[in-house]
Amino acid sequence: MIKNKISETKPHDKNVLINYIVAGIREIKGLDIVDVNISSIKNAICDNFIICHGTSRKHVDAIADSVEQMVWKKTGEKPWHKEGFQNAEWVLLDYVDVVVHIFNDANRKFYNLEGLWADATINHFDPLTESK
Numbered sequence: 008m009i010k011n012k013i014s015e016t017k018p019h020d021k022n023v024l025i026n027y028i029v030a031g032i033r034e035i036k037g038l039d040i041v042d043v044n045i046s047s048i049k050n051a052i053c054d055n056f057i058i059c060h061g062t063s064r065k066h067v068d069a070i071a072d073s074v075e076q077m078v079w080k081k082t083g084e085k086p087w088h089k090e091g092f093q094n095a096e097w098v099l100l101d102y103v104d105v106v107v108h109i110f111n112d113a114n115r116k117f118y119n120l121e122g123l124w125a126d127a128t129i130n131h132f133d134p135l136t137e138s139k
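For the sequence shown, my numbering begins at 8 and goes up steadily by one.
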């Protein structure tokens, strides 16, 4: 089993991690931030999806970089896995319990993760404040 080296020595509080992820998204003005809590769904692959979108490939890439930097700076954690930087239409940052999905607008509408997980608890972050 592969583990994030930092996580072995400094376990994170999931809600603190989510707040830093959201702060990283907001720093670069990511849009329509949503927390899809799937922890109560049997056999879910993680506890939470944090979903947002950007206005262009550069914006999506900048949001992903901001999230990585914010989480690293505040917790010392790096994503266990990441994908999508090549085309920056859908970037995924996997922090094991929390997976971040950063879309462009068209792909967010097409894949509709919020709709696919409609039985989850979905919380929309207020764009003007730091909390749900």
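C-beta: ideal position from N, C-alpha, C; glycine also.
For Asp42 and Val23, the rounded distance between their alpha carbons = About 13 Å.
Please say whether Asn55 and Asp133 have beta carbons closer to each other than 8 Å?
-> In this structure, Asn55 does not lie closer than 8 Å to Asp133 by Cβ.
Whose CA, out of Gly122, Lys116, Lys80, lies closest to the CA of Gly31?
-> Ranking Gly122, Lys116, Lys80 by Cα distance to Gly31 puts Lys80 first.
Quick one: what does DSSP say Val41 is sitting in, helix, strand or coil?
-> Strand.
Can you tell which of Asn130, Ile129, Trp124 has its C-alpha closest to the C-alpha of Ala51?
-> Nearest of Asn130, Ile129, Trp124 to Ala51, Cα basis: Trp124.
Short Cβ contact (8 Å threshold) for Phe92 with His60 = For Phe92 and His60, no; Cβs fall outside 8 Å.
Simplified DSSP assignment, three categories, for Met8 | Since pLDDT at Met8 reaches only 41, below the 50 mark, its modelled position is unreliable, and the value read off the structure follows with that caveat. Three-state DSSP puts Met8 in coil, outside helix and strand.
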